[in-house]
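Each remark here refers to the structure printed beneath this line.
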Amino acid sequence: MSLETGGRKLSLQIIMGRAHSGKTQYILDMAKDLYETDHPFIIVVPEQFTHLAEKRLIEKIGCIESGKAEVLSFDRLARRVDSLYPSDKHQLDTIGKALIISEILSEIKLEYYKSASKLSGFVKICNDEISELKSYMVSPESLKNIIDTTSDKSLSIKLKDIYEIYSMYEERIKNVYSDSDDKLSILTDALKKFMPYKDVTFFFDEFSSFNPREREIISALSVQAKMLYVSFCADISPEYKSLFKPTIETADLIRKVCTEAGCKTEKDVLLTNSFYENREMCILEKYLYVTPAKTDHEIPENISITVAENPYAEVETVARKIISLIQEKGVRYRDIGIVCSDISSYDHIIRSVFDMYKIPYFIDEKVRVLDHAIISFVINILDVYLRSYKSDRVVGFLKSGCIGAKKDDIYVADNFILASNASKNTWLDDDKWKRATSFFAEGDTKKIKSLERVRDGWILPLAKLHDSIKGRHSVKFITEKIYAYLLDIGFDKTVSEYIKLFKSDGNMFLAKQYERVWATLIEAFDSLVYILGDTQVNLSEYRKYLYDAFDQQKTGIIPTTLDEIIVGDIKRTKSGGAKYQFVLGAVDGSFPSVAPDNGIITDEEKKKLSSLGVELTPDRNQQAYFDRFLIYSVLTHPDKCLMISYPASDNSFSCVRPAFVISIIQKMFPALKKDGGVVGDAEIYTENTAFETLISSAVAKNDDDNIWKDIYTYYLENDEEKLSYIDRLIDCKTEVDVIEPEIMQRMYSDEFYSTVSRLQRYNSCRYSYYLEYMLSLHEKKTYGIESTDVGTLIHSIIENAFVELSKENKSMKDADNDFFVNHIRKHLDEYLSEIENNGTNISIREEYFIKNLESSLLKSLQVLKQHLVDSKFVPLGHEITFDDNSIGCIEFELAGGKKVKITGKIDRADYFENENGIYYRIIDYKSGTKSFSFTDVFYGLDVQLLVYMNALVKKQEGAHPAGALFFRIKDPVVNSKSHDSDEKHLLDSLAEFKMDGVVSSEPNVLEAFSKNSFKTTNKVSTSQMNMLCDYVDSVVKNSAENIISGHIDINPYIRSDGRSPCGYCKYKEICAVEDKPEKSFRKTENLSNVNDAFEKISSSVEFGEVQIK
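Numbering-wise (our numbering), the sequence shown opens with residue 8 and increments by one.
This is the structure we're talking about:
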């Protein structure tokens, strides 16, 4: 049609056509004619499509020329008109808007949202709701009218709260600020008042809907622009009206508003051509949502469906297909587009995989600035103070990457914080600091210097800032202090260095992102000062204002290079001219995603408001039409090839179902089969992936595949460093059963020391012994009261009770309850004081736990006293030590002339004498659930008490073993009543505190024991006791010989009930034995009674030749 309209007769023309019918090209052709005849025009597109539209226009006419040939969005058009007719009001951005709303919420009392208003994120919800109301031209007065007329009380109360916030906000900004949400309203007023576009032709392209405010702008333009063209992806044929319902209804609304404004409506342009490059895409586009669907029985070459094991495998499959397209078909990266159902679930995977495959990409997403390192650091500066220097906040501050501390110093400080649970006073009190660092460093001056550098250079300056802004101050004062602090620590320079580094690495995405976020931080500070400058706040309130300001902000950038793959969300991104499109994550519930109903006004309430003449964003029922149209738009976008994929399970390993549209496509193309993501040898198409796969082949010892031999030859000729790495892997043994004798000779001299507990650990799992005691691998030390700490405390309190009584020439038999109570409380208080003096920060829960030991210790001491009162045994000693400085080590001669010297301690040893000699019993105090087991003795898993008893007996001529027993420290629940006598309470406690172990069945020995003081199931004869003692000595000898022989195979014991040391082993991720076959475990036989045990012992060994296998 002719572009000349004659006179001032203004017209609107709707351009309609299905996907790939040439709508945009039709507009560009008209734009070219206008440009060549010097008629100005503006193409208006959604904001996210502006860079693509500019690219297309440049390709068409060769340039973009201000005032003559331009591409704008509604926002850019508003800014353009504002620059022509500027306002004297301060421009209020989303940060400023959030600050005003936050201030309002702190002042007013809400009814419906009383609790919600205190939650983080509520300011953003209010901000979004006000934006929605303004974009749909709903004023506070309109809300007030609805409140007065509606009969729905719940809705009325809710709307009243919204009205209070909205009206106060409008009153606050009136005559002072120009709200970013009002820019389209201001644009409309300026268009009507100044008529700036009388001779300009407008094209609106790529829109599927317009909100009322945008429709008002089009209406205003329709009575001044030379010509108005609006394109829609639509087909008005009856069978397609349901699919194109959103765009057809929008077209009707545009006609209506323009007609009401007095604009003539031209006949619609209906484009019916299809510009796809193959018949399969034509069929897909034309019949996707038609019932019954057209069926094409040929095998489609340009449509594929891939199901992968998980999202990572899905992305890797896509990467391999891209490499295949690039190398085999000569496709350019810019011809490929990727859309994801949920970009947040895929972005990190895409970055990892595409970087490995060296695929250039741009992820089109907006990032919340609150999640960015720069903003997190600034927020954490306040959180360190507000949370009293809690360990996680201080660690977050130090490890933020935003301070200039040395990495080694931060590493030491991190270990210090974990080990000491450092509190605020630990850092700031000089005495506590010295005690805590001395306790942690254990004389290591290098560690102390590292900690001093961290404290002096970073923690104390931070504390100085906190001291200057604590209490109540103006927002301006606090902001200036924080900004000055950031400059003092060189934070601005640190950010600049990051930006330079990213640019030098070619990572323009991160460089621009850091620039934007830094600018956002400065804007937030400026807004705080400008809007809330004199407001008096404390740090908690200031932190909330800062959080609310950043919570509104997201940052995004445009693509940085010409030849790269655009990756984006199905609702936001459109890859211009994409011939090949990958659709990731096509699963039910995500393709398209179900929008959460987390706004202020629910779908049901929107329906009620609609009946009252108030239009808002579509409810879920209306959104369903948009979603179907969205899926149609995504799947029909590529010119040539569509590749859809989905994972069988998501990132949390939960099974997922394919999207419903996949079944529709399969019905259209019955011959289309899902593939499993196998793409031949694509993994060798890039050097990175070839090298990684070659490593895997080397580790797997895969020598049969010739292609990997060819790649090996390539590295042999081109990269000696990588070749050396591969050779080491080929020669590497992932599992070693025996260490070479030469190494063991260097590790263990002819005379070496060990302990029974270490040997037991070796018998339990040789490999864990190797890792802990030979390689000295240890977990990072973290603060906490462990079971071993409790055990040491209990032993100390019980031992000291005997010692203190001895100093007063008394025995345990002479002690009374007052002594026990005072003694226990004294030592528990001393223990807690010692922890505090070491500069560590004990939790309330841990302090309660320690003080709660008083009850169990009291009952334990009462029972121990009664055991001695009722028995003939007398304490020989406590903490009897086997080492070179006390009664000597327990020595064993080994094969080859070596000697092992066993060190250790006996908690308590008692004795009694008769005409047959002296008898010893060993007692070990246990705070856990320890019990005696012949099974554990036989397999060398628990022989400590018997070894100690035998050693003690051997040191005294004429001595005999009486028993080896565990005494459990516990707080048993007994059946005594409150009115029962003390004797009854004691008898009940004695029954609960029976010792467990092995005792001699000699009558005179049994008579020496307190009645009912031990369990009677494990009584053994004198010969059996001697056999048992000799057996455990042989176990020790055998275990030591296995150690020095270098046996470290991964072969732990597993008990008959399925328990194994792997359940609590800190090294199980290294050996991965639980992933290995069952044969990797040594099964123990359950020796449930004395006869079974001694039958096994006597039949399996000749003394001195025990083999723990």
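We put the beta carbon where it would ideally sit given N, CA and C, even for glycine.
Separation of aspartate 499 from tyrosine 173, as counted between CA atoms: 37 Å
Can you tell me the Cα-Cα spacing of glutamate 284 and lysine 131, whole angstroms? 46 Å
Element boundaries [alpha helix (DSSP H), containing alanine 197]: Taken as a continuous stretch (DSSP letters only), the alpha helix (DSSP H) holding alanine 197 covers 190 to 201.
Would arginine 928 and phenylalanine 973 qualify as a contact pair, given that the criterion is a beta-carbon distance under 8 Å? no
On the CB-based measure, 16 or more other CB atoms within 10 Å of its CB, does lysine 708 come out buried or exposed? Only weak support exists for where lysine 708 lies, its pLDDT of 49 falling under 50; the value from the coordinates is given anyway. So lysine 708 counts as exposed.
Taking Cβ to Cβ, would you say phenylalanine 557 is nearer than 8 Å to valine 374? no
Does the contact criterion of 3 or more C-beta pairs under 8 Å hold for the stretch 394 to 409 versus the stretch 511 to 520? no
Do you know offhand how far threonine 12's Cα is from proline 47's? Note that threonine 12 scores a pLDDT of 42, beneath 50, so its modelled location is shaky and nothing firm can be said.
To which residues does DSSP link alanine 420 through a beta bridge? For alanine 420, which the question treats as bridged, DSSP gives no partner whatsoever.
Since I believe isoleucine 357 is in contact with valine 574 (beta carbons under 8 Å), could you give me their beta-carbon distance rounded to a whole number of angstroms? 6 Å
Taking serine 1017 as the reference, which of Met1002, Gln1031, Asn1025, Ser1030 has the closest Cα? Met1002
Buried or exposed, going by whether 16 or more other CB atoms sit within 10 Å of the CB of cysteine 70? Classification of cysteine 70: exposed, given that the 10 Å Cβ count is below 16.
Beta-carbon proximity list for lysine 788, same chain, < 7 Å, skipping 5 on both sides: Asn422, Leu425, Ala426
Hey, how far is the Cα of glutamate 221 from the Cα of leucine 84? 11 Å
Output the residue ranges of the alpha helix (DSSP H) runs that lie fully inside the stretch 919 to 987 and measure 4 residues or longer, sorted by chain position. 941 to 945, 951 to 961
Alpha carbon of phenylalanine 251 to alpha carbon of tyrosine 549, nearest angstrom: 49 Å
Leucine 642 to threonine 302 span [Cα, whole Å]: 17 Å
Please determine if the stretch 47 to 56 and the stretch 256 to 272 are in contact, where contact requires at least 3 C-beta pairs separated by less than 8 Å. With the rule of 3 Cβ pairs closer than 8 Å, the stretch 47 to 56 does not count as touching the stretch 256 to 272.
Which residues share a DSSP beta bridge with methionine 515? Methionine 515 is not bridged to any residue.
In the DSSP assignment, find the alpha helix (DSSP H) that holds methionine 144 and state where it starts and stops. Element bounds for methionine 144: n/a, residue is neither H nor E.
I'd like to check one pair, tyrosine 776 with arginine 768: are the Cβ atoms closer than 8 Å? yes
Assign glutamate 308 to one of two classes, buried (16 or more other C-beta atoms within 10 Å of its C-beta) or exposed (fewer than that). Residue burial annotation: glutamate 308 is exposed, with fewer than 16 other C-beta atoms found within 10 angstroms of its C-beta.
Skipping 5 residues on each side, what residues in its chain have a beta carbon closer than 6 Å to that of aspartate 987? Reliability of the predicted coordinates at aspartate 987 is poor, the pLDDT of 48 falling under 50, and the value obtained from them is presented with this limitation in mind. The answer is none, since no qualifying residue turns up.
Rounded to whole angstroms, what's the CA-CA distance from glutamine 231 to tyrosine 170? Just pull it up for me. 36 Å
Check for me: the beta strand (DSSP E) holding isoleucine 49 runs from which residue to which? 48 to 51
Nearest-angstrom Cα distance between aspartate 1099 and phenylalanine 941? 9 Å
Per the contact definition of three or more C-beta pairs closer than 8 Å, is the stretch 108 to 128 in contact with the stretch 196 to 206? no
Phenylalanine 609, DSSP secondary structure in three states: The displayed chain sequence assigns threonine, not phenylalanine, to residue 609. Coil, per DSSP.
Under 8 Å between C-beta atoms of alanine 971 and valine 1012: no
Is the stretch 527 to 545 in contact with the stretch 472 to 489, if contact means three or more CB pairs nearer than 8 Å? yes
Does the beta-carbon of cysteine 662 have 16 or more other beta-carbons within 10 angstroms, so that it is buried, or is it exposed? exposed
Which residue or residues does DSSP assign as beta-bridge partners of arginine 573? Sequence check: residue 573 is isoleucine here, not arginine. Its beta-bridge partners are Gly344, Phe369.
Measure how close the beta-carbons of glutamate 136 and isoleucine 607 come, nearest whole angstrom, since I'm counting them as under 8 Å. Rounded to the nearest angstrom, the Cβ distance from glutamate 136 to isoleucine 607 is 5 Å, consistent with a contact under 8 Å.
Indicate whether the contact test is met: 3 or more Cβ pairs, each with one atom in the stretch 899 to 908 and one in the stretch 1044 to 1055, closer than 8 Å. yes
Beta-carbon proximity list for leucine 19, same chain, < 6 Å, skipping 5 on both sides: The residues are Ser229, Leu235, Cys265, Cys270, Thr272.
Please give the ranges of any alpha helix (DSSP H) in the stretch 1065 to 1094, keeping only runs that are unbroken, at least 4 residues long and fully inside the region. Segments of the alpha helix (DSSP H) lying fully in the stretch 1065 to 1094: 1075 to 1078.
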